[in-house]
Every structure is written in structure tokens, then in C-alpha cells.
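Structure first, commentary second.
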Amino acid sequence: MNRHVQLVAIVLLCALSTGCFYGRPRIKQLGPDRILTDAEVKRAEQKIVEADKAWAARIEPANVQKSLDLLRESMKLAPHNTQALWRAARACYWLAEQAGIARDERQQFSLAEIGASYAKHAIFVDTHSAEGNYFLALNFAMQADAAKSKGLAMIKPMLDALKRANELDEQLDYAGPRRVMAQIYLEAPSWPTSVGDPEQAMELLEDAIEEHPNYPENHLVLAEAAIKLRQYNKARKHLDRVLAAQPAPGWAAELPRWQEKARELLKKLPQK
């Protein structure tokens, strides 16, 4: 074992031995292992509260960067705090997606790579972190989108993370793990090249809508599946649901983009 590997092993063992619980985490800091003081715990928690407020106001994109900055401040105090880690992975994913929309693939890949590292850390700290697995998959998706040559190779790790997230919390992000799995089955090449399967995607999406009928993106992705299966009336019905949706705290920032996509898809449907 070389010196670098030995150091990594020591760090991992120390992290495992410190508990790493949110609220009163015992962590490995720059010096010897120790338990955070009550004041440090409160400061770390307060940074997360402030980050959540900034995230909730993400209709102004600058607030997502503000949220990430606050989470990084929290992680300076509590590096193994899974609550800060998965939120940081979520913020990186959101920023990576925006970079992709702006066609800045280098920035998209870089942000997603950082986001994936936060998600992996969250899973290392807590193997039962549904959010860690979910945002690991989403950051992998952004890396695959930015570097198309790696796309097929990323499908298995994405699906593995999504299946684990779904096992841990199938209601996360309005049935998010199933929705994203469905998107993979819609966009991937079919067997034997890959896992593409629009019918399996439809099954997942119908389950998601049954449980979260008001979430617009579930309807949008189901409409895409219906178009792929040439079920145009069904697609039109669900696109109309997207266009009729009203802003809500959970999706106000994303709704305009979903509705724009719904209008584009409606234009491409065959006339009745």
C-alpha cells in the first residue's frame, strides 16, 4: 500500500469512527478528532437554515449560488454533516443544469463533478441517505450531458443510485427517483445497446402521477413517453396539465421552463 492510499484509508477510518450525526455531529476536523461545541453546532445548523431560505428563493438564480456558499460555510464547521452535503450536491446540480442550458459544457461538467463529490460524501457518512443517492444520479446525468462520449457508461451508475434512492424514499422530490429513471429509459438506446424502454418509462411515470398528481414535471415527462409510444391524445392531455399548472413553492422557479417545453411539444403533435 503506497503512502497516498494509506493516508486515504486513515482518513476514512477516522471519519467512520466519529459518528457523523446531524444535530451534534462528531467529526474529524483539521486537528485531532473532537465533538463540536454547542455553539459550533448551532452555527452550522443556522447556515443550513439560511441556505434553505436562499434555495427557496431560487426563482432568482443568484440565490442558488448564495445557498451553496452558505452550505460550504456550514461544512467548514461540520465537514461530515450529511444535511449540508446533499443540499450542496443539489445546488451544484441546479447550477450545472443552468450551465447546460447556456451551452457552457465545461462549466456544466465541472459543477456536476463537484456536486457528485458532495453526494458521494453524503452517502459515505450515511449509507441511508436517499437524497445523497438521488443527487449523485442527477449530477452524473449532468456530467453525461456535458460529455456525450461518456453518456452510455454513466447509465448503470445513474440507475444504481436512483434505485437505491427509491428504496430509501420513493416519495423524494415528488417521486423523483422514478421520474428520472423513466427519463433514462426514454432517452437511452434500446437493447442490446442500452436500457431504453419507453413502456417501462410509462409504467414508472403513471405510478409517479398517481402519487403526486399535481407535480407538473411528472406530467411533462409522461407526455414525452406518450409521444414516443405514439399515444398523442394522452400526450396532449398531460401537456395541458403542465400548461394549466400554477406556481407553487416546490416548483415556481422551474415551472416557466417546463411550460415552454410543453408548448414546444404541443406544436409538434399531429393535428387532431
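Adding 5 to a residue's 1-based position in the sequence shown gives its number in my numbering. Idealized CB from N, CA, C, for every residue including glycine. Just so we're clear, the structure is a prediction, and the values are computed from it rather than from any experiment.
Beta-carbon gap between residue i and residue j smaller than 9 Å
i: GLY120; j: MET147; result: yes
i: ILE189; j: ILE214; result: no
i: LEU90; j: ALA135; result: no
i: LEU274; j: GLN264; result: no
i: LEU244; j: HIS224; result: yes
i: ASP5; j: ARG92; result: Past the boundaries of the shown model lies residue 5; the chain is included only from 6 to 277, so the question cannot be answered.
i: LEU82; j: ALA49; result: yes
i: ASP157; j: ALA187; result: Per the sequence shown, residue 157 should be read as Leu rather than Asp. Going by C-beta atoms, LEU157 is not nearer than 9 Å to ALA187.
i: ALA240; j: LEU191; result: no
Cβ-Cβ separation, residue j to residue i (assumed contact under 8 Å), whole Å
i: ALA127; j: ALA166; result: Not a contact, Cβ separation roughly 11 Å.
i: ARG184; j: LEU164; result: Actually they are not in contact, since the Cβ atoms of ARG184 and LEU164 sit about 13 Å apart, beyond 8 Å.
i: GLY137; j: THR198; result: So it is not a contact: roughly 30 Å between Cβ atoms.
Range covered by the alpha helix (DSSP H) that runs through residue i
i: VAL69; result: 67-82
i: ASP43; result: 43-61
i: PRO261; result: 260-273
i: TYR64; result: According to the sequence provided, residue 64 is Ile. The question's Tyr does not apply to it. Premise fails: ILE64 is in no alpha helix (DSSP H) and is neither H nor E.
i: ASP202; result: Note, ASP202: premise wrong, no alpha helix (DSSP H); not H, not E.
i: ASP4; result: Any answer about residue 4 is impossible in this case: the structure gives the chain only from 6 up to 277.
Nearest to residue i (by Cα), restricted to the options the options
i: ALA96; options: LEU75, LYS81, PRO84; result: LEU75
i: PRO252; options: ARG63, VAL226, THR42, ALA49; result: ARG63
i: ALA257; options: TYR220, LEU164, LEU82; result: TYR220
i: LEU116; options: LEU100, TYR139, ARG108; result: LEU100
i: ASN171; options: GLU204, ILE40, ASP202, TYR139; result: TYR139
i: LEU111; options: SER79, LYS153, MET186, GLN70; result: According to the sequence shown, residue 111 is Arg rather than Leu. The shortest Cα separation from ARG111 among SER79, LYS153, MET186, GLN70 belongs to LYS153.
i: SER72; options: PRO84, GLN88, ASN86, ILE53; result: ILE53
i: GLU65; options: ASN86, GLU259, GLN113; result: GLU259
i: SER79; options: VAL46, ALA228, LYS242, GLU269; result: VAL46
i: TYR123; options: ASP109, LEU143, LEU177; result: LEU143
i: GLN205; options: GLU222, LEU234, THR198; result: LEU234
i: ILE106; options: ARG246, ALA151, VAL200, ALA230; result: ALA151
Heavy atom of the ligand MG within 8 Å of residue i beta-carbon
i: PRO203; result: With respect to the ligand MG, the structure shown offers nothing to examine, as it has no ligands at all.
Discussion item. So within the stretch 210-247, which uninterrupted alpha helix (DSSP H) runs reach at least 4 residues, ignoring any that extend past its ends?
Written reply: Here the runs fully enclosed are 221-233.
Fill in: Entirely enclosed alpha helix (DSSP H) segments - the stretch 104-159, minimum 4 residues
Runs of alpha helix (DSSP H) with 4 or more residues, each lying fully within the stretch 104-159, are found at 110-130, 135-151, listed in chain order.
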